[in-house]
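Undergrad: This is the structure I want to talk about, given as structure tokens.
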Amino acid sequence: MKHKYDTIVIGGGPAGLASAIKATKLGLKTLIIEKTERLGGIPLQCIHEGFGVIYFKQNLSGPEFSYKLIKEVDRLSIDYITSGYVSEINILSDEAKQVKVISPKAYQVFETKTLIYAAGAREKTLHEINVVGDRVSGIFTAGEAQALMDIYGVMPGREVVIIGSGDVGLILTRRLILEKAKVKAVIEAMPYPGGLVRNIVQCLKDFDVPLLLGHVVKETRGRKRVEKVIVERVDENLKPLGESFSITCDTVIISAGLLPHVRMLKELGVKMDPSTRGPIVNDFFETSIRGVFAAGNALVVNDLVDYVVEQGENAAEGAYSLITKKYVRQQNIPVLFDDNIRFVVPQRITKTSDVVFYLRVKRPMKDVKIIFEEIDKVFVFSKARPSEMIRVKIKKKDLGDIKDKLHVRLYSDASPQT
Amino acid sequence: MPVRKLKYTCIVCPQGCEIEVVISDNEIKEIKGFKCIRGKRYVTEEVLAPKRTLITVLHCKNGDYPTVSVKTSKPIPKEKMFEILEYLSKIVLEAPVDIGDIVIRNIFNSGVDIIATRPCRKV
Numbered sequence: 001m002k003h004k005y006d007t008i009v010i011g012g013g014p015a016g017l018a019s020a021i022k023a024t025k026l027g028l029k030t031l032i033i034e035k036t037e038r039l040g041g042i043p044l045q046c047i048h049e050g051f052g053v054i055y056f057k058q059n060l061s062g063p064e065f066s067y068k069l070i071k072e073v074d075r076l077s078i079d080y081i082t083s084g085y086v087s088e089i090n091i092l093s094d095e096a097k098q099v100k101v102i103s104p105k106a107y108q109v110f111e112t113k114t115l116i117y118a119a120g121a122r123e124k125t126l127h128e129i130n131v132v133g134d135r136v137s138g139i140f141t142a143g144e145a146q147a148l149m150d151i152y153g154v155m156p157g158r159e160v161v162i163i164g165s166g167d168v169g170l171i172l173t174r175r176l177i178l179e180k181a182k183v184k185a186v187i188e189a190m191p192y193p194g195g196l197v198r199n200i201v202q203c204l205k206d207f208d209v210p211l212l213l214g215h216v217v218k219e220t221r222g223r224k225r226v227e228k229v230i231v232e233r234v235d236e237n238l239k240p241l242g243e244s245f246s247i248t249c250d251t252v253i254i255s256a257g258l259l260p261h262v263r264m265l266k267e268l269g270v271k272m273d274p275s276t277r278g279p280i281v282n283d284f285f286e287t288s289i290r291g292v293f294a295a296g297n298a299l300v301v302n303d304l305v306d307y308v309v310e311q312g313e314n315a316a317e318g319a320y321s322l323i324t325k326k327y328v329r330q331q332n333i334p335v336l337f338d339d340n341i342r343f344v345v346p347q348r349i350t351k352t353s354d355v356v357f358y359l360r361v362k363r364p365m366k367d368v369k370i371i372f373e374e375i376d377k378v379f380v381f382s383k384a385r386p387s388e389m390i391r392v393k394i395k396k397k398d399l400g401d402i403k404d405k406l407h408v409r410l411y412s413d414a415s416p417q418t
Numbered sequence: 001m002p003v004r005k006l007k008y009t010c011i012v013c014p015q016g017c018e019i020e021v022v023i024s025d026n027e028i029k030e031i032k033g034f035k036c037i038r039g040k041r042y043v044t045e046e047v048l049a050p051k052r053t054l055i056t057v058l059h060c061k062n063g064d065y066p067t068v069s070v071k072t073s074k075p076i077p078k079e080k081m082f083e084i085l086e087y088l089s090k091i092v093l094e095a096p097v098d099i100g101d102i103v104i105r106n107i108f109n110s111g112v113d114i115i116a117t118r119p120c121r122k123v
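Below you can see the structure in the form of structure tokens.
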């Protein structure tokens, strides 16, 4: 292992692996630093299918997806450290960064021209979703419950209440039921489900699990272990409607969404976007610090791993372009969006290459038109939901008319509830 | 037998078509609302013989992880799921197991294999 690299990738999940593979293929000396004992990331514990339909044109389970990337890392002999904790990053200059890593084997200091930050997301906790009450055993995040069950082979509990109806919560519900747990209810604050319709069908309806929309868990109660939760009905602004009831259970699993894991970027002083909770990046996924790139769920929380991989590859191309001086950051044009849109990534564009935009709508909508105003580009969708990230690509040649800003507007004819 | 109207949400692709099926005497009389032939096929199978790919983990001895994740080689009848899971919960594998290994061949003479989807290295 050398101590000088062209790029160091922080995170050995799909985004990190994909960016390391791409960077290596572009000729960059690359090192991956992974904090757990294995490469592969969270898909290792996502044993259901539905991974890689776009990228590999195959319907794979999470581990199968990750191992396709890991095999490529091995084939290309890419350097990597597992059980490696990044203890410090120092920005030496635009072209040089220092990364200090501690692992069971050694304490090492590396120098690199570029950094690709792909540390994934973290799960929201009980505190972030305003649940009060007893902090007793039996309360897990969805990721913890999944790891217990599908890596360690241990059931988290027998009578479960799930908070949140995003895809993670729905898929976990099915797994729990198949392993003979009883899921008493899935509780969702919004008036519409958070996950894909197909997951509502094959995970809840298949097993007659009640989905309580417009409800929140207000309180957990129990002495040593959870005994019940207090549930309350809320309106669409999450204001309590004064009706509450209890559900007995021995386990509460929180699946209330993910947030980009950006602590290290924040410490470096990278500028953040309040709408994604991730870093502000340009179309090469370069952050506000030169030579520091971001990809995957650390950049923006995705619902498809295929897009995560695409982002990893794009960040690698960014690092390559920067190192080979093919890309000079002459201009970073801000991307603005209107009130129907939750976020747009990237938040800046350089007009030097094709751009893939990722965005989410704020609520379910029908007959949606997304308009890139300054260049008269229109994309039409029959349906749009907050749970399904929209991806559109605009060619470099079509970006020519943009001057000092780009507006993304969204028009919808109707707003259905489901 | 009374005529029954059932509503399905197609799970073949993310469009999620709302499909209505009219059933009488255990026979499909009418299907409407699908946008493509795959939707029609899905609902027909869903009404007459619903199938799912089964996933679970099997215990594994002497490996770096205590389990191996597995899937059925093809979708199996939905009503067989719990029976197969019950059987699988008693199986204990021995490391090493590689990704793609057939860990159980032709389970219950169904023509379906159980395939490892995550490796377990011997330690």
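Those sequence lines, one after another, are chains A and B. Letter by letter, the first sequence follows residues 1 to 418 of the working numbering. Letter by letter, the second sequence follows residues 1 to 123 of the working numbering. We treat Cβ as the ideally placed atom computed from N, Cα and C, and that holds for glycine. Owing to the predicted nature of the structure, the values given are computational and were not obtained by experimental measurement.
Express the C-alpha separation of K22/A and A147/A in angstroms, rounding to a whole number.
TA: Translated into the one-based positions of the first sequence, residue 147/A becomes position 147. Translated into the one-based positions of the first sequence, residue 22/A becomes position 22. Roughly 29 Å between the two C-alpha positions.
Undergrad: With distances taken Cα to Cα, identify the nearest neighbour of I129/A among D401/A, S255/A, R277/A and G138/A.
TA: Mapped onto the first sequence, residue 129/A falls at position 129. Here the closest residue by C-alpha is S255/A.
Undergrad: Counting only the same chain and skipping the five closest in sequence on each side, list residues whose C-beta sits under 8 Å from that of L336/A.
TA: For this step, residue 336/A is matched to residue 336 along the first sequence. Hits under 8 Å: K405, L406, H407 and V408.
Undergrad: Please say whether L17/A and I81/A have beta carbons closer to each other than 8 Å?
TA: Along the first sequence, read from residue 1 onward, the residue named residue 81/A stands at position 81. Along the first sequence, read from residue 1 onward, the residue named residue 17/A stands at position 17. The answer is no: Cβ separation not under 8 Å.
Undergrad: Compare the beta carbon distance of I177/A and F140/A with 8 Å and say whether it is the shorter of the two.
TA: By 1-based counting over the first sequence, the position of residue 177/A is 177. By 1-based counting over the first sequence, the position of residue 140/A is 140. In this structure, F140/A does not lie closer than 8 Å to I177/A by Cβ.
Undergrad: Taking the runs of the beta strand (DSSP E) that are 3 residues or longer, which of them lie wholly in the segment 107 to 148 of chain A?
TA: Segments of the beta strand (DSSP E) lying fully in the segment 107 to 148 of chain A: 107 to 117, 121 to 123 and 139 to 141.
Undergrad: Which residues in the same chain have their Cβ closer than 8 Å to the Cβ of R221/A, if we skip the five residues on either side of it in sequence?
TA: Taking the first residue of the first sequence as position 1, residue 221/A is located at position 221. Closer than 8 Å at the Cβ level, and outside the excluded window around R221/A, lie G133, D134, E227, K228, V229, I230 and S246.
Undergrad: Where do the N-terminal and C-terminal ends of the alpha helix (DSSP H) with Q311/A fall, by residue?
TA: As a working mapping, residue 311/A is identified with position 311 in the first sequence. Where Q311/A is concerned, the enclosing alpha helix (DSSP H) stretches over V305 to I323.
Undergrad: Are the beta-carbon atoms belonging to G40/A and G84/A less than 8 Å from one another?
TA: Here the question's residue 40/A lines up with position 40 in the first sequence. Here the question's residue 84/A lines up with position 84 in the first sequence. No.
Undergrad: DSSP on R263/A, reduced to helix/strand/coil?
TA: Numbered from 1 along the first sequence, position 263 holds the residue referred to as residue 263/A. Here R263/A sits in helix by DSSP.
Undergrad: For Y67/A, which residues in chain B fall below 8 Å Cβ to Cβ?
TA: On the first sequence, position 67 is the one that residue 67/A refers to. Near Y67/A (Cβ distances below 8 Å), the residues of chain B are I99, R118 and P119.
Undergrad: Please report whether the beta-carbon of G153/A lies at a distance below 8 Å from any beta-carbon of chain B.
TA: In the first sequence, the residue the question calls residue 153/A occupies position 153. It does; some Cβ of chain B falls within 8 Å.
Undergrad: Compute the Euclidean distance between the alpha carbons of L304/A and Y67/A, then round it to the nearest angstrom.
TA: Locating residue 304/A in the first sequence gives position 304, counting from the first residue. Locating residue 67/A in the first sequence gives position 67, counting from the first residue. Each residue's Cα considered, the two are about 17 Å apart.
Undergrad: Who are the near neighbours of R4/B in its chain, counting only those whose CB is closer than 6 Å to its CB and skipping five residues on each side?
TA: Start at 1 with the first residue of the second sequence, and residue 4/B comes out as number 4. Here the set comprises I23.
Undergrad: Would you say Q417/A reaches chain B, if we count a Cβ-Cβ gap shorter than 8 Å as a contact?
TA: For the purposes of this step, residue 417/A is taken as residue 417 along the first sequence, with counting starting at 1. Here Q417/A scores only 44 on pLDDT, less than 50, and its place in the model is too uncertain to base an answer on.
Undergrad: Alpha carbon to alpha carbon, how far is C203/A from V21/B? Give it in angstroms, no decimals.
TA: Translated into positions along the second sequence, residue 21/B becomes position 21. Translated into positions along the first sequence, residue 203/A becomes position 203. Distance between the alpha carbons of V21/B and C203/A: 21 Å.
Undergrad: For K71/B, decide whether its Cβ has a neighbour in chain A, counting only Cβ atoms nearer than 8 Å.
TA: Mapped onto the second sequence, residue 71/B falls at position 71. So, interface residue.
Undergrad: Within this structure, are the beta carbons of I371/A and V361/A separated by less than 8 Å?
TA: Residue mapping note: residue 371/A aligns to position 371 of the first sequence, counting from 1. Residue mapping note: residue 361/A aligns to position 361 of the first sequence, counting from 1. Cβ atoms of I371/A and V361/A: not closer than 8 Å.
Undergrad: Given that a residue counts as buried once 16 or more other Cβ atoms are within 10 Å of its Cβ, and exposed if not, what is V123/B?
TA: Position 123 of the second sequence holds residue 123/B. Exposed: under 16 other Cβ atoms inside 10 Å.
Undergrad: If contacts are defined as beta-carbon pairs under 8 Å, then A181/A and G157/A qualify, I think. What distance do you get, rounded to the angstrom?
TA: Taking the first sequence and counting its residues from 1, the one referred to as residue 181/A is at position 181. Taking the first sequence and counting its residues from 1, the one referred to as residue 157/A is at position 157. That pair is a contact at about 7 Å.
Undergrad: Does the distance from the C-beta atom of K113/A to that of E88/A stay below 8 Å?
TA: As a first step, residue 113/A is located in the first sequence; it is residue number 113 there, counting from the start. As a first step, residue 88/A is located in the first sequence; it is residue number 88 there, counting from the start. Cβ distance not < 8 Å, so K113/A and E88/A don't count as in contact.
Undergrad: How would you label T251/A, buried or exposed, when you count the other beta carbons within 10 angstroms and need 16 or more for buried?
TA: As a position in the first sequence, residue 251/A is number 251, starting the count at 1. It counts as buried.
Undergrad: Out of L115/A, I349/A, V380/A and D167/A, point me to the one whose CA is closest to F283/A's CA.
TA: Indexing the first sequence from 1 puts residue 283/A at position 283. Note on identity: in this sequence residue 283/A is Asp, with Phe being the wrong assignment. With distances taken between Cα atoms, D283/A lies closest to I349/A.
Undergrad: Just the C-alpha distance for S103/A and V186/A, rounded to the nearest angstrom, thanks.
TA: Taking the first residue of the first sequence as position 1, residue 103/A is located at position 103. Taking the first residue of the first sequence as position 1, residue 186/A is located at position 186. Their Cα atoms are separated by approximately 40 Å.
Undergrad: Ends of the beta strand (DSSP E) at I70/A?
TA: The residue given as residue 70/A occupies position 70 in the first sequence. It is not in any beta strand (DSSP E) - I70/A instead sits in the alpha helix (DSSP H) that spans G62 to R75.
Undergrad: Determine the chain A residues that contact V47/B at a beta-carbon separation under 8 Å, and present them in chain order.
TA: Locating residue 47/B in the second sequence gives position 47, where the first residue counts as 1. Those do not exist, as V47/B stays about 14 Å from chain A at its closest Cβ, beyond 8 Å.
Undergrad: At a Cβ threshold of 8 Å, is V309/A touching chain B?
TA: By one-based count along the first sequence, residue 309/A stands at place 309. It does not; no Cβ of chain B falls within 8 Å.
Undergrad: Assuming T67/B contacts H59/B (C-beta within less than 8 Å), just tell me the rounded distance between them.
TA: Residue mapping note: residue 67/B aligns to position 67 of the second sequence, counting from 1. Residue mapping note: residue 59/B aligns to position 59 of the second sequence, counting from 1. That pair is a contact at about 6 Å.
Undergrad: For E310/A versus V356/A, is the C-beta spacing smaller than 8 Å?
TA: In the first sequence, residue 310/A corresponds to position 310, counting from 1. In the first sequence, residue 356/A corresponds to position 356, counting from 1. Closer than 8 Å, so yes.
Undergrad: Quick one: is G138/A buried, meaning 16 or more other Cβ sit within 10 Å of its Cβ, or exposed?
TA: Against the first sequence, residue 138/A aligns to sequence position 138. Flag for G138/A reads buried.
Undergrad: Are there 16 or more other CB atoms within 10 angstroms of the CB of I116/A, so buried, or fewer, so exposed?
TA: As a position in the first sequence, residue 116/A is number 116, starting the count at 1. With 16 or more other Cβ atoms within 10 Å, it is buried.
Undergrad: Would you call G63/B buried or exposed, if buried means 16 or more other Cβ atoms sit within 10 Å of its Cβ?
TA: What you label residue 63/B is simply residue 63 of the second sequence in a count that begins at 1. Label assigned to G63/B: buried.
Undergrad: Kindly indicate which three-state DSSP category M155/A falls into: helix, strand or coil?
TA: Locating residue 155/A in the first sequence gives position 155, counting from the first residue. Note: M155/A maps to coil in three-state DSSP.
Undergrad: Where T117/B and L44/A are concerned, what is the direct C-alpha to C-alpha distance, given to the nearest angstrom?
TA: Translated into the one-based positions of the second sequence, residue 117/B becomes position 117. Translated into the one-based positions of the first sequence, residue 44/A becomes position 44. If you take the alpha carbons of T117/B and L44/A, they lie about 9 Å apart.
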